[in-house]
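Protein chains in written order, with numbering that gives the first Met the number 0: chain L, 0 to 364; chain V, 0 to 364.
Built from N, CA and C at the ideal position, the CB exists for glycine as well.
All values derive from a computational prediction rather than experimental measurement.
What follows is a short report on a single structure.
There are 2 protein chains.
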Amino acid sequence: MDPRIHDHAATLVDWSARIGAGDDVVLVVSETAHDLGVAVAEQLGERNANVVTLYASAELERAYLRAHDGEFDEDPQFELALYEHADSVLFLGGGPNSSETADVPGEKRQGQSTAKQGVREARMDTDWVSTVHPTRAMAQEAGMSYEAYQSFVYDAILRDWEALAEEMAQLKEVLDAGSKVRIRNEGTDLTMFIDGRTAVNSAASVAYDSHNLPSGEVFTAPYDTAGYVTFDVPQTVHGTRVRDVKLTFKDGVVVDFEAAQGQTVIEEILETDGGSRQLGELGIGMNRGIDRVTNNLLFDEKMGGTVHLALGRAYDANLPEGETGNESAVHVDLITDMRGESTLEVDDEVVQRNGTFRWEDGFEA
Amino acid sequence: MDPRIHDHAATLVDWSARIGAGDDVVLVVSETAHDLGVAVAEQLGERNANVVTLYASAELERAYLRAHDGEFDEDPQFELALYEHADSVLFLGGGPNSSETADVPGEKRQGQSTAKQGVREARMDTDWVSTVHPTRAMAQEAGMSYEAYQSFVYDAILRDWEALAEEMAQLKEVLDAGSKVRIRNEGTDLTMFIDGRTAVNSAASVAYDSHNLPSGEVFTAPYDTAGYVTFDVPQTVHGTRVRDVKLTFKDGVVVDFEAAQGQTVIEEILETDGGSRQLGELGIGMNRGIDRVTNNLLFDEKMGGTVHLALGRAYDANLPEGETGNESAVHVDLITDMRGESTLEVDDEVVQRNGTFRWEDGFEA
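Spelled out as structure tokens, the structure:
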């Protein structure tokens, strides 16, 4: 077996999920994630954890949903009980075709999702971690050879997470102490406020309340946004390609927008509800293992030297206890690449210039 | 998709498991049974059943068990709860290598099995059905091409089960009314008693308390066996090849034995405990879709024109309420092919001659 698969499994089980003896672990193996599944099973055995292994296949899901009449039972007890009694859920993503559920009617997926809200909540109440086993389908999505894509994925996942968590703690400290953030980039001059908000150090571990491997970003919930921003990283949003989305904010709300591609989907998002015209998240990518766009948000938004902003819902973790932030049915991340001529300032101090943080080599003071 | 896979799934869900709307179904997909999994998922969707899909992989199991220290937690609550709340469990067997767990220490498998007795009982309390998706590994085990093996498997599975159940009911009636069974075959002249015992019509459906697809046998629990029997169907018993096992019985107990191959494993079995020298089962194969030995007990013992006898444990279903039959830690089926010169008599009436039942065409009265 590729030793990187073994290292991936060990990172997942130790750093990310913190599995210990006697833990009840639901291991979810996607159709093409078998090899990672074997490596994770070995790690779980070594730790004397208990395991129930699920199979995640978009082909099975598609066949089931298309045949179903759409009247879904609410939170089937056997599924609910599994997650309610589980300590951890490890999801190993994969699959041979990312478009497999393209012909499943949206209302069926929505209906199932609504009926299973309790199951989802029980799953989210565990120490869950989601990761991916590199597949040929993902390589294709990224426009890369499989071998090159594997290297890319493992560069992103096999970090010195302890060191990265410490580096991210520096940025969290700056944001937690700060009041005003200003982002300047080509086509961007945006100001927002973060007073009273708490930044999350998303270090790919449940110990940091971070549930994706890879991760590597610091994010907070901004308000009172003003100015304009251009998202120059091409993305797929709700199944549609978008490029060079430009948003103009006044008093925290989008007042104007345009896009070189995908104008319609952006318009739909903005018109979803009251909260979808405001920002719910300011995220700062800090994973230097990710050095290129691969059309996979899990990776793209963590890329070192990028900043992403989300239209819509804010995360509770960023808000004072009991306070609600921006509320919306959507949360859509859009990314700007800061590695050209740019600055990220907090309270008029430059924290990052041209994609380089002030504590990194090569920073120009 | 091969239409036989679709038919297999429909037979499993309708005839065997009797799945209805709202049933909570645990679907277990083995590593190479994906295509059957897709077909079954479709059937479950059509019936508006709820499904949790598990992944059964000998490679994952091996990695887990080898790494584990062998001190297993007793009946992990999350796994127990899943089965306790399930209505049905559908197991789709497969796997790319039937020897995958050959290097797992037996005491670990045994330790896990002992620790999970409650889980196993909860699973057995559901309407469970076990079937197999034909694999290249099984074809190899059978000494057949994959295409020929697929045809073989579907011939065994895609029967007119309703008609076969009716035919088997005739034999059950004969056995239930009968007292003495005599089997004569080359190297065989064996007498046993079945007074007070109830035969099971194993028609591959939970409605018949029959949990394997394919099935197609009628079995009961004999006692007071006398005479000698030769099992001329080559088999693999506890991982060892055996051939031409000959047992001699007196007063229900094996008093002499020999084997052309596998003498040692037969000796080990006979010396297991008090019950392992007595018969626990007389089974009569009636599945005419199975016409050759493929070194897979699930198929071999159901072959039309064969009879199998099991050393060891008797099944409760054959015994009067509250009565215990032969007890033993083992239950080892051995098969004799009746399609040569032979007779099967109940109370001195010939029920089958040369492998043909008296209600079948070609029976010589």
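- Message: On the DSSP bridge list, what partners appear for V/I182?
- Response: V/L189, V/L343
- Message: According to DSSP, simplified to helix, strand and coil, what is V/G251?
- Response: coil
- Query: Under the three-state reduction of DSSP, which class applies to V/L278: helix, strand or coil?
  - Reply: strand
- Task: Give the single residue among V/Y148, V/L89, V/F77 whose Cα lies nearest to the Cα of V/D23.
- Result: Taking only the C-alpha atoms, the option nearest V/D23 is V/L89.
- Cα-Cα separation, L/N47 to V/E60: 13 Å
- Task: Helix, strand or coil for V/F90, going by three-state DSSP, please let me know.
- Result: strand
- Task: Would you please verify whether the beta carbon of V/G21 is less than 8 Å from any beta carbon of chain L?
- Result: yes
- With a cut-off of 8 Å on the beta carbons, I'd call L/D231 and L/T335 a contact; round off their distance for me. 6 Å
- Evaluate L/S204 with the Cβ neighbour count: other Cβ atoms within 10 Å of its Cβ, from every protein chain shown; 16 or more gives buried, anything less gives exposed. Classified as buried, L/S204 has 16 or more neighbouring CB atoms from the shown chains inside 10 Å of its CB.
- Message: Is there a Cβ of chain V sitting closer than 8 Å to that of L/F77, yes or no?
- Response: yes
- Task: State yes or no: is the beta carbon of L/G110 nearer than 8 Å to at least one beta carbon in chain V?
- Result: No, L/G110 does not count as interfacial toward chain V.
- Residue(s) in a DSSP beta bridge with L/W358: DSSP lists no partner for L/W358.
- Given V/T187 as reference, the closest of V/A225, V/E322, V/E267 once Cα atoms are compared: When C-alpha distances from V/T187 are compared across V/A225, V/E322, V/E267, the shortest belongs to V/A225.
- Query: Tell me the DSSP bridge mates of L/Y227?
  - Reply: L/D188, L/T247
- In angstroms, rounded to a whole number, what distance separates the CA positions of V/W127 and L/A198? 50 Å
- Would you kindly work out how many angstroms separate the C-alpha atoms of V/A32 and V/E320, rounded to a whole number? 39 Å
- Any chance the region 237 to 251 of chain L sits against the region 131 to 151 of chain L, with 3 or more Cβ pairs inside 8 Å? no
- Message: Does the structure place the region 115 to 126 of chain V close enough to the region 72 to 91 of chain V that three or more beta carbon pairs sit under 8 Å?
- Response: yes
- Query: In the region 31 to 50 of chain V, which residues sit with their C-beta less than 8 Å from some C-beta in chain L, listed in chain order?
  - Reply: H33, G36, V37, A38, A40, E41, Q42, L43, G44, E45, N47, N49, V50
- Between V/G69, V/D223, V/A313, V/R291, which lies nearest to V/T305 when the distance is taken from Cα to Cα? V/R291
- Residues in its own chain within less than 7 Å of L/V241 by CB, not counting five upstream and five downstream? When the five nearest sequence neighbours on each side are left out, the beta carbons in the same chain lying within less than 7 Å of the beta carbon of L/V241 are those of Q234, A258, Q260, G261, V264, I265, in order along the chain.
- DSSP state of L/G69 mapped onto helix, strand, coil: Coil, per DSSP.
- Consult DSSP for L/R166 and reduce its assignment to one of helix, strand or coil. Per the sequence shown, residue 166 of chain L should be read as Glu rather than Arg. Residue state, collapsed to three classes: helix.
- Query: Within the chosen definition, does the region 296 to 304 of chain V reach the region 268 to 285 of chain V through at least 3 CB pairs nearer than 8 Å?
  - Reply: yes
- Query: Ends of the alpha helix (DSSP H) at V/V39?
  - Reply: 33 to 45
- Just how far apart, CA to CA, sit V/M310 and V/N325? Checking the displayed sequence, the identity of residue 310 of chain V turns out to be Leu instead of Met. Their Cα atoms are separated by approximately 9 Å.
- Which residue from L/N317, L/A162, L/M0, L/L343 puts its Cα closest to that of L/V180? L/L343
- Message: Using only the alpha-carbon positions, how far apart do L/V329 and L/E270 sit?
- Response: 10 Å
- Task: Determine the chain L residues that contact V/A85 at a beta-carbon separation under 7 Å, and present them in chain order.
- Result: F77
- Can the beta-carbon of L/L163 be found less than 8 Å from the beta-carbon of L/D6? No, the Cβ-Cβ distance between L/L163 and L/D6 is not below 8 Å.
- Query: Among V/S327, V/E185, V/D255, V/D243, which one has its Cα closest to the Cα of V/S341?
  - Reply: V/E185
- Flag L/E58 as yes if its beta-carbon sits less than 8 Å from any beta-carbon of chain V, otherwise no. Yes, its Cβ sits closer than 8 Å to a Cβ of chain V.
- Item | CA nearest to the CA of L/D315, picked from L/I289, L/D208, L/V27, L/T293 | L/D208
- Please decide whether L/R135 counts as near chain V, where near means a Cβ-Cβ distance under 8 Å. no
- Message: Does L/G238 pass the burial test, meaning 16 or more other C-beta atoms within 10 Å, or should it be called exposed?
- Response: exposed
- With 7 Å as the C-beta to C-beta threshold (strictly closer), list the residues of the region 153 to 164 of chain L near chain V in chain order. none
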